[in-house]
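Numbers -15 to 215, taken from my numbering, label the letters of the sequence shown in order.
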Amino acid sequence: ASAMLRTTANQLWTRVVPAARQAYPAAGVATQRTFAAAAAEDDAHAPPLNLFGLPARYAAALYTAGSKAGNLATVQAEFKTVIDAANADKKFKVFLEDPTMPKAKKMKALSDFCDGAKFLPITKSFLGVVAENGRLDQNQKIYDALEEYTLAAAGQKKATVTSAQALTPEQLKDLTAKLGAHVGAGEELKVETKVDPKLVGGFTVAMGEDFFDLSLMSRIRQMEQELSKPV
């Protein structure tokens, strides 16, 4: 799995780097080597953990590119700026995620956006690749995976707790203590809370590849499935 992840990151990196080569000559030189010769160097810049799925592969490519260029934090912040802009503007979000919208039009709009915001060439090129591949609807998932990589590199692990109602300070404290049992030695737990009334009651917890569903809606669905079975 790690070999596949590194190969995918390398393949995407070779597409991301052309636009960034002028700003980062050393990175440009690296991409001219064969994958085999660059493998050892890539290992030093590979994400610190393995995540699976397409969004994680894109995130791994961006992590590697940003790490090689020494601007990972800036690249991550710029990527989040695009996501925040889409979340704040419904029309912009629909424009980016509409599969019927010509890819060339999306690429041009993102290029102009990046130029206006003075983004780094790596960020601009990466967004262009995502747009060209028709994966802009995966931006949030790509960012979530990227954040997991950067947190892991900093010795942190993120837990996203989604509850039907906002947790009280006491509930959050108790849950955080229990989640700490799932954190490795030397790791720091970072808890993010969200509210989703559709859960009806209870909560869900997402920690990397682990997902715990303790919501009332989940129990209701299980009950419906049981009741629908023939007697």
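Glycine residues also receive a C-beta, built at the ideal position from the N, C-alpha and C atoms.
Keep in mind that this is a model prediction, so the values were computed, not measured.
Contacting residues, own chain, Cβ-Cβ under 7 angstroms from residue i (five flanking each side not counted)
i     : result
Val13 : Since pLDDT at Val13 reaches only 47, below the 50 mark, its modelled position is unreliable, and the value read off the structure follows with that caveat. So the list is empty, once near-sequence residues are dropped.
His29 : Thr48, Ser51 and Lys52
Cys98 : Thr107, Lys108 and Leu111
Beta-ladder partner(s) of residue i, from DSSP
i      : result
Leu198 : Phe187
Ser147 : Val179 and Phe187
Lys141 : Leu173
Residue j beta carbon less than 8 angstroms from that of residue i
i      : j      : result
Leu183 : Met201 : yes
Thr146 : Thr188 : yes
Leu198 : Glu132 : no
Met191 : Lys141 : yes
Lys108 : Ser95  : yes
Leu120 : Lys89  : no
Gly118 : Lys87  : yes
Ile67  : Gln124 : yes
Gly274 : Ala161 : Only positions -15 to 215 of the chain appear in this structure, which leaves residue 274 out of reach.
Ala143 : Pro32  : no
Gln60  : Thr134 : yes
Ala101 : Thr152 : no
Ala171 : Gly139 : For clarity, residue 171 is Glu in the given sequence; the question names Ala instead. Yes. Within cutoff.
Nonlocal neighbours in the same chain, by C-beta distance under 8 angstroms from residue i, ignoring five residues either side
i      : result
Lys77  : Ala70 and Asn71
Asn55  : Leu104 and Ile106
Ala150 : Thr177 and Val179
Helix, strand or coil at residue i according to DSSP, with G and I counted as helix
i      : result
Ala7   : Below a pLDDT of 50, predicted positions are generally treated as unreliable, and Ala7, at 47, falls in that range; the measurement from the model is reported next regardless. Residue state, collapsed to three classes: coil.
Asp82  : coil
Pro214 : coil
Gly222 : Examination of residue 222 is not possible in this model, given that the chain is present from -15 through 215 alone.
Gly168 : coil
Arg17  : Residue placement at Arg17 is poorly supported in this model, since its pLDDT is 49, which falls under 50; the coordinates are not used for a value here.
Asn123 : helix
Glu193 : coil
Ala136 : helix
Ala93  : helix
Leu33  : coil
Boundaries of the alpha helix (DSSP H) in which residue i is found, first to last residue
i      : result
Asn71  : Leu56 to Ala72
Val114 : Pro105 to Glu116
Thr152 : Segment: none, Thr152 is in no alpha helix (DSSP H) and carries neither H nor E.
Leu46  : Leu38 to Ala53
heavy atom of the ligand ZN below 7 angstroms from residue i C-beta
i      : result
Thr144 : The ligand content of the structure shown is nil, which means the ligand ZN is not present either.
Contacts around residue i, its chain only, beta-carbon distance under 6 angstroms, and the 5 residues preceding and following it disregarded
i      : result
Gln216 : The requested residue 216 does not occur in the structure, where the chain is confined to residues -15 to 215.
Phe196 : Val189
Ala129 : Leu35, Pro39, Ala40 and Ala43
Ala7   : Summary for Ala7: the model assigns pLDDT 47, below 50, so the residue's position carries little reliability; its value from the coordinates is reported in the next sentence. For Ala7, where only same-chain residues beyond five positions count, the Cβ hits under 6 angstroms are Pro105.
Val167 : Lys141 and Leu173
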